[in-house]
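**Q**
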Amino acid sequence: MIDLGVSKLALIAVVALVVIGPERLPKVARMAGNLMGRAQRYMAEVKSEVNRQVELDELKKMQEAATSAVKDVQSSMNDIGTTLNEAKKDLGDANTSQSSSAFDSYDDFSDNGGYAIREPKTNLRQGRDSWGVKKSAMPQWYKKTAGVKTKIQSGAARVKRFRRAASQQKAPKSFF
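Just so you know, we're using the working numbering here: the sequence shown kicks off at 150 and counts up by one.
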């Protein structure tokens, strides 16, 4: 940029004082300062815009690289899945031919040793009514002993209750 030392600035100030005059010099100096500030703000804005564009380009490149990596992984997973399915089918064909001959003699699968087989619950309650199932609701005796609030009271009812209690208390007698 422009190299301005103290001596050059002093020379410019003396010339400006002579040319412009002492009456108009403060106005001109103020105007020059405002213009310099505007120029600096404009340059900073342009610089930040350029930096944003560079960062945006870098982010786009990173996104493209990530999407290509995801596509590669998906294609390899699809290939692995097809080979697994083929292997499963081959094993299933071989297993069914062997299992039919191996288990023909043992047909008593229904004996469970006198124990009842419990089926898993499939229709759990859903929605707003299932909060007790999800949160493992506390028993009432615990709520009473721990002092857990079980009833909702409006703000007006609370104010009324506490005002009544305060009005029934006797005012403290004067110390004197």
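Ideal Cβ placement from N, Cα and C applies to all residues, glycine included.
Since the structure is predicted, the reported quantities are computational estimates derived from the model, not experimental observations.
1) Measure the alpha-carbon distance for SER303 versus ALA314 and round it to whole angstroms.
2) Considering only their Cβ atoms, is the gap separating LEU174 from LEU166 smaller than 8 Å?
3) Would you kindly work out how many angstroms separate the C-alpha atoms of ALA162 and GLU207, rounded to a whole number?
4) My understanding is that LYS292 touches THR299, with C-beta atoms under 8 Å, so please give their C-beta distance in whole angstroms.
5) Could you please give the first and the last residue of the uninterrupted alpha helix (DSSP H) stretch that includes SER156?
6) Express the C-alpha separation of ILE301 and MET287 in angstroms, rounding to a whole number.
7) Whose C-beta lies closer than 7 Å to the C-beta of GLN317 among residues of the same chain, with five residues either side of it excluded?
8) For ASP152, does the three-state DSSP call read helix, strand or coil?
**A** In short:
1) Spanning the two alpha carbons is a distance of roughly 17 Å.
2) Between LEU166 and LEU174, the C-beta gap is smaller than 8 Å, which places the two residues in contact.
3) In a straight line, the C-alpha of ALA162 is about 47 Å away from that of GLU207.
4) Contact between LYS292 and THR299 holds, since their C-beta atoms are separated by about 6 Å, short of 8 Å.
5) Where SER156 is concerned, the enclosing alpha helix (DSSP H) stretches over 155-169.
6) Cα to Cα, the separation comes out at about 17 Å.
7) By the criterion of a C-beta distance shorter than 7 Å, GLN317 is surrounded by no residue of its chain, once the five residues flanking it on both sides are discounted.
8) DSSP places ASP152 in coil when its eight states are reduced to three.
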